[in-house]
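As given, the protein sequences belong to chains A and B, one line each in that order.
The opening position of the first sequence corresponds to residue 2 in the working numbering, with each subsequent residue numbered one higher.
The opening position of the second sequence corresponds to residue -9 in the working numbering, with each subsequent residue numbered one higher.
Each residue gets a CB set at the ideal place from its N, CA and C atoms; glycine is no exception.
What follows is one structure encoded as structure tokens, with my remarks underneath.
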Amino acid sequence: MPDIPWAEMWLVFRYAVPAALGASLVVALVIRLIGGERLMPLAAALAVAAGVFAANHFHNAIERWELHPTRAWTALDFVKVMGRSLEEKPEAENVDDPNAKLPLPQPKYWLPLLAALAMIVEVLVSLPGVPPAAGCIARTAVSLLAARLMIPAVESAEYDWRLTKPWLTWGLGLVIALEWSIMAALSKVWKDGTVATAMVFCLAAVSILAEWEASTGSFAAIALYLSVAILPVAVLGWFKPGDNGPALAAAAIMIPGLLQLSYYGHSGETPLPLSHFLLVGLAPLTLALMFLPFFIAGRSWQHWLPAIVLPLIPAGLAVYFAMQMPADATAANKADLPTAAVE
Amino acid sequence: MCRILGFTAIAMITLAGFAAARDQPAEVKLSADNTKIEFQCSKMTNPVVTHVGGFKKFTGTASYQGNDLTTLKIKVDIDLNTLFTDEPKVTSHLKTPDFFDTKTYPTAKFESTKVEKDGADYKLTGKLTMHGKTKEVTFPAKLEAKDGGLNLTSKFKINRHDWAISYGKGFVIDDVSMDVTVNAKK
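The following block contains the structure:
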């Protein structure tokens, strides 16, 4: 059984989780009740954003991105950093003169921005009159952009996955695009909280893996914030149906993105079990089975029960396997420790 | 007369030799065998939990002219992947992108730029680079030059936010206590 950081969890559950729930619920309710079903995509997007912002206010898992050490960042800086981030091998930062160059791009800063972009795209493609093909193209483009930015570009040849695993960008992009397309299509057919509820559980599983196995508190917290922020959207969907696709778009970016970054960022002496991360990362793909005629046309429990249970099976298995893992073996020997620690 | 001149010449050459030897630069290699770089970081829990740790592998040099320690130049490269603490979970967490991000930034560097006398002790100034950022730091140190070797002890604090290590603001205490000990022989 892995170590559980109870003290930090208490802080998160005491302040951040209630804040995310409250903010998301209020925003979703207000917009949905005022704007009706027509504004449900906007309600879902703004509710998720409000929930994550509120949670982050109390726990600061999403760090402020300072592009430049001495001045506020400009649009030009942003374009330059985006350009560098997309290069196969960005030039290393000249650390002796930090004012001379913008920093080496870090995927963790891109992730929330990409989730926001995915929600904006989903709101736009849900507008009346937008052809489905445009939605498909936009989702694929954002997915590939997200995949590129999620594979870190680093100086060390050993860890430079852009060069050593060039297929990974395409693989990750394909997974994000497929998961996003499947969820978007289902959310337009059912318009209830089914898919959003499934994503609440998947994101909770991401949070558990990021914390227990990858020891990355910020990614665990971000997954938890998003899970909690989507929950009111899901619940609202059961009572006041509507297209909550933008909330699912954020999940489609965040689930593979957070898992990829958690897996990559871990530097323990024992390698992380990739299968656990794949099980959770690919769990939303099981929703593809819901396009079978029996499920897609099913009323009530015939669609929502399997749609929630199917992704839960691989995600739950991964969590179960993670619970069986021993704590990370990077423990220091007593002899290595500073004198004060041994005393 | 010739004998006196000869003695004088020999004495002058010997003295010059001693003087040259005294002004020769002394250089020692720094490694985990003769140096300890340790830290303490705390979480604002109730009660406050403090973790201690250090680095198992680093390389560097310290050099100075004669016995003048204000000429001391120190250069150290620390392998951050060899970081350890008293708690495995904390060790893993410190290496992730939340803190040092050791895959992206595998080394930290320190290079001294100035050493000043400060009463009986010294004040060291230098550039500390980690997490992709360089920041000038000044800290007090007790220094002793002995037979071409170097003894150094220093305790000081750095603010992790100066290097954009900002995870857990309000939960993980900003100041990290550093404890450096060098006991290097020539």
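Status (buried if at least 16 other CB within 10 Å, exposed otherwise) for residue i
i: His58 of chain A; result: exposed
i: Gln107 of chain A; result: buried
i: Ala129 of chain A; result: The residue asked about is misnamed: residue 129 of chain A is Pro in this sequence, not Ala. Flag for Pro129 of chain A reads exposed.
i: Arg72 of chain A; result: exposed
i: Leu275 of chain A; result: exposed
i: Arg15 of chain A; result: exposed
i: Arg150 of chain B; result: buried
i: Trp168 of chain A; result: exposed
i: Lys335 of chain A; result: Model confidence at Lys335 of chain A stands at a pLDDT of 46, short of 50, so the residue's coordinates are unreliable and nothing is read from them.
i: Gln30 of chain B; result: buried
i: Leu1 of chain A; result: This structure leaves residue 1 of chain A out entirely; chain A is present only between 2 and 344.
i: Leu37 of chain A; result: Note that residue 37 of chain A is Gly in the sequence shown, not Leu. It counts as exposed.
i: Asp193 of chain A; result: buried
i: Ile32 of chain A; result: buried
i: Arg300 of chain A; result: exposed
i: Ser268 of chain A; result: buried
i: Pro37 of chain B; result: exposed
i: Ala174 of chain B; result: buried
i: Ala330 of chain A; result: Legend: pLDDT at Ala330 of chain A = 48, less than 50; position of this residue unreliable, no value from coordinates given.
i: Phe48 of chain B; result: buried
i: Val13 of chain A; result: buried
i: Asp244 of chain A; result: buried
i: Asp23 of chain B; result: exposed
i: Phe220 of chain A; result: buried
i: Glu344 of chain A; result: The pLDDT assigned to Glu344 of chain A is 38, lower than 50, so where the model puts this residue is not dependable; a value taken from the coordinates is nonetheless given after this. By the 10 Å Cβ count, Glu344 of chain A comes out exposed.
Span of the alpha helix (DSSP H) around residue i
i: Tyr83 of chain A; result: According to the sequence displayed, residue 83 of chain A carries Met and not Tyr. Start and end: 76 to 87.
i: Thr165 of chain A; result: 162 to 165
i: Tyr110 of chain A; result: 108 to 126
i: Met200 of chain B; result: Because chain B spans -9 through 176 in this model, residue 200 of chain B falls outside it and cannot be assessed.
i: Lys79 of chain B; result: 78 to 85
i: Leu12 of chain A; result: 7 to 12
Extent of the continuous beta strand (DSSP E) run through residue i
i: Pro15 of chain B; result: 15 to 20
i: Asn57 of chain A; result: Taken as a continuous stretch (DSSP letters only), Asn57 of chain A belongs to no beta strand (DSSP E), being part of the alpha helix (DSSP H) at 41 to 60.
i: His41 of chain B; result: 39 to 45
i: Ile64 of chain B; result: 58 to 69
i: Phe129 of chain B; result: 123 to 136
i: Glu106 of chain B; result: 97 to 108
i: Thr174 of chain B; result: It is Ala, not Thr, that sits at residue 174 of chain B in the sequence shown. Unbroken beta strand (DSSP E) run through Ala174 of chain B: 165 to 174.
i: Ile32 of chain A; result: It is not in any beta strand (DSSP E) - Ile32 of chain A instead sits in the alpha helix (DSSP H) that spans 18 to 36.
i: Lys33 of chain B; result: 25 to 33
i: Lys147 of chain B; result: 139 to 149
i: Phe48 of chain B; result: 48 to 55
i: Phe74 of chain B; result: 73 to 75
Proximity below 8 Å, CB of residue i to CB of residue j
i: His83 of chain B; j: Ser216 of chain A; result: yes
i: Leu204 of chain A; j: Ala135 of chain A; result: no
i: Leu249 of chain A; j: Val196 of chain A; result: yes
i: Leu262 of chain A; j: Pro87 of chain B; result: yes
i: Pro247 of chain A; j: Pro113 of chain A; result: no
i: Met200 of chain A; j: Ile223 of chain A; result: no
i: Gly238 of chain A; j: Glu9 of chain A; result: no
i: Lys117 of chain B; j: Thr128 of chain B; result: no
i: Thr119 of chain B; j: Leu142 of chain B; result: no
i: Glu106 of chain B; j: Lys113 of chain B; result: yes
i: Ala316 of chain A; j: Ala284 of chain A; result: yes
i: Pro233 of chain A; j: Leu22 of chain A; result: yes
i: Tyr265 of chain A; j: Lys93 of chain B; result: yes
i: Gly122 of chain B; j: Tyr95 of chain B; result: yes
i: Thr72 of chain B; j: Lys46 of chain B; result: yes
i: Pro257 of chain A; j: Gly282 of chain A; result: yes
i: Ala50 of chain A; j: Tyr226 of chain A; result: no
i: Trp181 of chain A; j: Leu150 of chain A; result: no
i: Ala135 of chain B; j: Leu59 of chain B; result: yes
i: Thr51 of chain B; j: Lys19 of chain B; result: yes
i: Val28 of chain A; j: Ala48 of chain A; result: yes
i: Lys176 of chain B; j: Asp137 of chain B; result: yes
i: Lys33 of chain B; j: Phe161 of chain B; result: yes
i: Leu115 of chain A; j: Ile254 of chain A; result: yes
Cβ-heavy atom distance, residue i to the ligand SAM, below 7 Å
i: His121 of chain B; result: The ligand SAM is absent from the structure shown, which contains no ligands of any kind.
Original post:
What runs of the alpha helix (DSSP H), each 4 residues or longer, lie entirely inside the segment 220 to 302 of chain A?
Top reply: Every unbroken stretch of the alpha helix (DSSP H) spanning 4 or more residues and falling wholly within the segment 220 to 302 of chain A is given here in chain order: 246 to 266, 275 to 282, 294 to 297.
**OP:** Tell me the start and end of each unbroken alpha helix (DSSP H) in the segment 146 to 218 of chain A that is at least 4 residues and wholly inside, in chain order.
**Re:** Within the segment 146 to 218 of chain A, the complete alpha helix (DSSP H) runs of at least 4 residues fall at 162 to 165, 168 to 191, 195 to 213.
Subject >> Cβ contact check for the segment 144 to 158 of chain A and the segment 78 to 89 of chain A: 3 or more pairs under 8 Å >> reply: Touching, yes, given that three or more Cβ pairs across the two stretches are closer than 8 Å.
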